[in-house]
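Line by line, the protein sequences give chains A and B.
In terms of our numbering, the first sequence opens at residue 590 and continues consecutively.
In terms of our numbering, the second sequence opens at residue 590 and continues consecutively.
In this text, a Cβ means the ideal position worked out from N, Cα and C, and glycines have one as well.
Number of protein chains: 2
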Amino acid sequence: MVAGPTSTGPGKERLRLWIRLLRASRTIEAELRERLKKEFDTTLPRFDVMAALYRSPEGMLMSDLSRFLLVSNGNVTGIVDRLVSEGLVTRARRNGDRRTSMVRLTEEGAKSFAAIAAAHEGWVGELLGTVSEDEARRLTGMLKSFRSNWEGRE
Amino acid sequence: MVAGPTSTGPGKERLRLWIRLLRASRTIEAELRERLKKEFDTTLPRFDVMAALYRSPEGMLMSDLSRFLLVSNGNVTGIVDRLVSEGLVTRARRNGDRRTSMVRLTEEGAKSFAAIAAAHEGWVGELLGTVSEDEARRLTGMLKSFRSNWEGRE
DNA sequence: TTATGAAACTTCAAGCTTGAAATAATCTTC
DNA sequence: GAAGATTATTTCAAGCTTGAAGTTTCATAA
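Below, the structure is given as structure tokens:
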């Protein structure tokens, strides 16, 4: 997946693009993961879940989290379990539907996330420092249109 | 990591870009993983290792693979172990340095990979279909320059 | 109301991933 | 040539990830 095209032909440019995309995101992701571990003793998946919850003070269902973060249901269960055991989020039983529970950041969780997110934004700025703000905007536009064209198919 | 910026400010555009980049690669990666599983009963990491080996008929050391694929040494050990037990690659002891061994595709491995790679290239072409060849080239250029500026630091 | 089906989660096995510790072989330097 | 450092790799524990199977709860329609 990270190796170059093994042939020439029509799809070649797109394959190159995909490999570049993947290498870039893997490189950045690895660096962020390492810093999260070293500086805050946390992980990327925990950070992702907390970021989602931070933007939804009213809370999210497990399935909301799963859909939003593009990961499986069972996966979210495990991550939330760990965050709960660390006192960073809570699962609140709901009166309406007893199958579900609202997941929310605790006060400590929100405070903790705010600090991590500030550092995180700085890191991303640093790691993408060679991309100008303007170029960043254009790239984002391309990727956005790709996503919105593609998602929701099947 | 997949959620939006939680603040405004200088690094914001780069953070947006990073989130788009990550969502795009995760979406595509998930789709490719699923198809590899369904159509060829294999996985992305196995495919990655085989792709690297396919381009190096003389073989690669474990550490070459690790460096090239951007994953840890211990990780490669496990994946190669599984490929060996499936008869797709071999570990050849070397006379020169008995710490290392050359990893190579078997004949069956090369045949198998060629078939998977053809399908894979088609999938990528399909999944990135909304990006024109020309746009793909430009995007690739941007990502390439980003990578080469950034890698090799520290 | 009571089956029947759908929805929201959890559990589980298998595999991927890292970073740290352990092994083994090679290199360096005195 | 032996001690100490370096290099290549494996092993291991902990956590992430998926997809499938299982559980509980809710919705619906005869």
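Distance cutoff 7 Å, beta carbons only. Does residue i sit that close to anything in chain A?
{"i": "B/G748", "result": "There is no way to answer for residue 748 of chain B, as the model of chain B reaches only from 590 to 743."}
{"i": "B/A641", "result": "yes"}
{"i": "B/G741", "result": "Summary for B/G741: the model assigns pLDDT 44, below 50, so the residue's position carries little reliability; its value from the coordinates is reported in the next sentence. With 7 Å as the cut-off, B/G741 does not count as an interface residue toward chain A."}
{"i": "B/S701", "result": "no"}
{"i": "B/S655", "result": "no"}
{"i": "B/L744", "result": "Residue numbering for chain B in the displayed model covers 590 to 743; residue 744 of chain B lies beyond these limits and cannot be assessed."}
{"i": "B/E602", "result": "yes"}
{"i": "B/G714", "result": "yes"}
Which two residues bound the contiguous alpha helix (DSSP H) that contains residue i?
{"i": "A/R693", "result": "Counting along the chain, A/R693 falls outside any alpha helix (DSSP H), though it belongs to the beta strand (DSSP E) covering S690 to L694."}
{"i": "B/T616", "result": "K601 to F629"}
{"i": "A/P634", "result": "L633 to Y643"}
{"i": "B/R671", "result": "N662 to S674"}
{"i": "B/S652", "result": "M651 to L658"}
Is there a Cβ of chain B sitting closer than 7 Å to that of residue i, yes or no?
{"i": "A/W607", "result": "yes"}
{"i": "A/S674", "result": "no"}
{"i": "A/S645", "result": "no"}
{"i": "A/S690", "result": "no"}
{"i": "A/E710", "result": "yes"}
{"i": "A/R615", "result": "yes"}
So residue i contacts chain A; which residues on that side make the cut at Cβ distance below 8 Å?
{"i": "B/M731", "result": "V720, E724 and L728"}
{"i": "B/L748", "result": "Within the shown structure, residues of chain B are numbered from 590 to 743, placing residue 748 of chain B beyond reach of any answer."}
{"i": "B/G698", "result": "None at all; the shortest Cβ gap to chain A is about 14 Å."}
In chain B, which residues lie less than 7 Å from residue i when you measure between Cβ atoms?
{"i": "A/V591", "result": "D637, L658 and L659"}
Assuming residue i contacts residue j (C-beta within less than 8 Å), just tell me the rounded distance between them.
{"i": "A/F702", "j": "A/A613", "result": "At roughly 26 Å, the Cβ-Cβ gap does not stay under 8 Å, so A/F702 and A/A613 are not in contact."}
{"i": "A/G698", "j": "A/V678", "result": "5 Å"}
{"i": "A/L610", "j": "B/L610", "result": "7 Å"}
{"i": "B/N602", "j": "A/A725", "result": "In the sequence as displayed, the identity of residue 602 of chain B is Glu instead of Asn. About 4 Å separates the two Cβ atoms, so the contact holds."}
{"i": "B/M691", "j": "B/A681", "result": "5 Å"}
{"i": "B/I608", "j": "B/L716", "result": "Incorrect: roughly 19 Å between the Cβ atoms, too far for contact."}
{"i": "A/D686", "j": "A/L658", "result": "Going by Cβ atoms, the distance from A/D686 to A/L658 rounds to 21 Å, so no, they are not a contact pair."}
{"i": "A/N664", "j": "A/S652", "result": "Actually they are not in contact, since the Cβ atoms of A/N664 and A/S652 sit about 12 Å apart, beyond 8 Å."}
{"i": "B/M731", "j": "A/L606", "result": "Their Cβ separation, rounded to whole angstroms, is 10 Å, which puts B/M731 and A/L606 out of contact at 8 Å."}
{"i": "B/G711", "j": "A/G600", "result": "7 Å"}
If distances are taken between C-alpha atoms only, which option among the options comes closest to residue i?
{"i": "A/G660", "options": "B/A681, B/R682, B/V665 and B/R615", "result": "Looking at the sequence shown, residue 660 of chain A is not Gly but Val. Cα-wise, what sits closest to A/V660 is B/R615."}
{"i": "A/S645", "options": "A/R693, A/H709 and A/T719", "result": "A/R693"}
{"i": "B/H709", "options": "B/M731, B/D653, B/L621 and B/L606", "result": "B/L621"}
{"i": "A/E628", "options": "A/M649, A/I705 and A/T719", "result": "A/I705"}
{"i": "A/L672", "options": "A/R624, A/G600 and A/D630", "result": "A/D630"}
{"i": "B/K700", "options": "B/T719, B/E722 and B/Y643", "result": "B/Y643"}
{"i": "B/R635", "options": "A/A592, A/L625 and A/E696", "result": "A/A592"}
{"i": "A/M649", "options": "A/K733, A/G718, A/E623 and A/T689", "result": "A/T689"}
{"i": "B/T695", "options": "B/G718, B/E647, B/G667 and B/T666", "result": "B/E647"}
{"i": "A/V747", "options": "B/K733, B/G718, B/G676 and B/S674", "result": "Outside the displayed range of chain A (590 to 743) lies residue 747 of chain A, so it cannot be described from this structure."}
{"i": "B/T666", "options": "B/K626, B/S655 and B/L633", "result": "B/S655"}
{"i": "B/E675", "options": "B/R683, B/E722 and B/T632", "result": "B/T632"}
What are the boundary residues of the beta strand (DSSP E) that includes residue i?
{"i": "B/A681", "result": "V678 to R682"}
Mind listing the chain B neighbours of residue i? Cutoff is C-beta to C-beta under 8 Å, in chain order.
{"i": "A/L677", "result": "Chain B residues near A/L677: none, gap ~16 Å exceeds 8 Å."}
{"i": "A/L717", "result": "R603, L606, W607 and F735"}
{"i": "A/A619", "result": "L659"}
For the ligand NAD, I want to know if residue i counts as a neighbour, meaning its beta carbon is within less than 6 Å of at least one of the ligand's heavy atoms.
{"i": "B/I668", "result": "With respect to the ligand NAD, the structure offers nothing, as it holds no ligand at all."}
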